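For reference, the structure discussed in these notes is given below.
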Amino acid sequence: MSVTDKLASRIPVLADRVERKDVVAVVKLHGVITPSPSPLARGAINLAAVESALTRAFGHERLKAVALLVNSPGGAPTQSGLVAERIRQLADEKNVPVLAFCEDVAASGGYWLACAADEIYAHRTSMVGSIGVISGGFGFTGLLERFGIERRLHTAGANKSRLDPFSPEKPEDVEWLKKMHTQLHELFVNWVKERRGDRLTESEDLFTGDVWLGAKAVELGLVDGLGTLRQVITERYPDAEISVAEPKKPLLARLGIGAPAAASAVLDAVTQKAAWSRFGL
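Under my numbering, think of the first position of the sequence shown as 34, with each following residue one higher.
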């Protein structure tokens with residue numbers, strides 16, 4: 034047999050060895066959870082933004098597990114639910130375990146995402162929890178009066194203009210909003226109970242919207258233990274290769290074009306900064 038033939042005969046063997054390598058796929062869920070599309074979609078979580086990364090992560094042939102790196106102060110409840118449900122759908126289809134790792138913060142919608150995992154781990158300095166609902170806005174009625182601006186609003190439907198920021202706040206509108214918050218809070222609590230089960234403690238503070246550091250979160254049953262992705266994955270799957278599943282970059286990002294300096298982009302940046310600032314970040 035010639036040297037060339039010998040080398041050729043070895044190539045399939047080497048390929049087989051590469052294919053047999055087990056994989057733990059990693060998906061980064063970093064940013065504020067928002068439905069707002071962005072040309073760059075950087076630092077934002079929604080189903081459209083993470084779908085490609087999730088599909089790639091769960092698509093590995095020799096997949097042993099999927100790890101979620103969660104770093105989010107929360108955001109839109111619907112997008113939180115959509116992403117979490119998509120993770121569970123893929124996990125059930127592939128029959129693989131999902132592990133979540135909380136980084137700086139996994140709060141509110143960020144914790145909702147973490148609960149899509151079968152196990153949750155946190156760093157001792159991670160901020161975890163905030164199982165509650167919040168919304169905010171501004172009232173501009175005094176500002177309009179100061180500058181002599183007349184507000185003209187025409188609607189069909191008695192409740193179409195609820196909570197309009199340029200109109201005086203009505204008690205009945207606030208009561209309606211509180212009812213919506215209560216319903217969303219119940220859905221959040223039910224999701225946490227469904228995913229965490231009897232691992233949760235009976236603490237009265239568990240669903241008050243409070244936030245705890247890693248060790249206290251373990252004590253309350255919000256997370257299963259302290260540890261980083263490298264630590265846990267190396268111990269659990271010592272022979273597996275860690276593969277990060279990156280989402281497809283939007284067109285402008287691939288072209289190297291910066292974000293537009295539009296007023297809406299500035300407002301989005303301010304809103305996201307405010308969400309992180311609630312946790313000192």
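Idealized CB from N, CA, C, for every residue including glycine.
Note that the structure is predicted; figures quoted are calculated from it, not measured.
Those residues which DSSP pairs with residue i across a bridge
i, result
"Val-207", "None, per the DSSP bridge assignment."
"Leu-246", "Met-160"
"Val-57", "Ala-98 and Ile-275"
"Gly-258", "Tyr-154"
"Leu-62", "Val-103"
With 16 other Cβ atoms within 10 Å as the buried cut-off, status of residue i
i, result
"Arg-75", "Bear in mind that a pLDDT of 48 at Arg-75, under 50, signals an unreliable position, so the model cannot answer this."
"Ser-168", "exposed"
"Pro-201", "exposed"
"Asp-257", "buried"
"Val-244", "buried"
"Ser-113", "buried"
"Pro-293", "Only weak support is given to the placement of Pro-293: the predicted model assigns it a pLDDT of 49, under 50, and the value that follows is read from those uncertain coordinates. Pro-293 should be labelled exposed."
"His-187", "exposed"
"Gly-143", "buried"
"Val-207", "exposed"
"Val-267", "The residue you asked about is not Val; residue 267 is Thr in the sequence shown. Looking at its Cβ environment, which holds fewer than 16 other Cβ atoms inside 10 Å, Thr-267 is exposed."
"Asn-104", "buried"
"Phe-221", "buried"
"Ala-191", "exposed"
"Asp-137", "buried"
"Glu-235", "exposed"
"Val-277", "exposed"
"Ala-139", "buried"
"Ala-189", "exposed"
"Ile-182", "exposed"
"Gly-64", "buried"
"Glu-227", "exposed"
"Trp-145", "buried"
"Arg-185", "exposed"
Extent of the continuous alpha helix (DSSP H) to which residue i belongs
i, result
"Ala-82", "80–91"
"Val-265", "262–269"
"Ala-124", "110–127"
Contact check, residue i vs residue j, beta carbons under 7 Å
i, j, result
"Phe-171", "Pro-204", "no"
"Val-17", "Val-131", "Lying outside 34 to 314, the shown extent of the chain, residue 17 is not represented and no answer is given."
"Arg-157", "Gly-247", "yes"
"Ala-133", "Leu-177", "no"
"Val-60", "Ala-82", "no"
"Leu-217", "Pro-110", "yes"
"Leu-115", "Leu-80", "yes"
"Gly-260", "Tyr-154", "yes"
"Val-56", "Glu-279", "no"
"Val-225", "Cys-148", "yes"
"Ser-85", "Lys-281", "yes"
"Ile-66", "Gly-92", "no"
"Ser-163", "Ser-194", "no"
"Leu-87", "Val-129", "no"
Span of the beta strand (DSSP E) around residue i
i, result
"Lys-25", "With the chain running from 34 to 314 in the structure shown, residue 25 is simply not present."
"Glu-136", "131–140"
Neighbour flag for residue i against chain D, beta carbons, 7 Å
i, result
"Ile-78", "In summary, chain D is missing from the structure at hand, where a single protein chain is found."
Length at least 3, wholly inside the stretch 145–229: the beta strand (DSSP E) runs in chain order
Counting only runs of 3+ residues, the beta strand (DSSP E) found wholly inside the stretch 145–229 occupies 152–155 and 160–162, in chain order.
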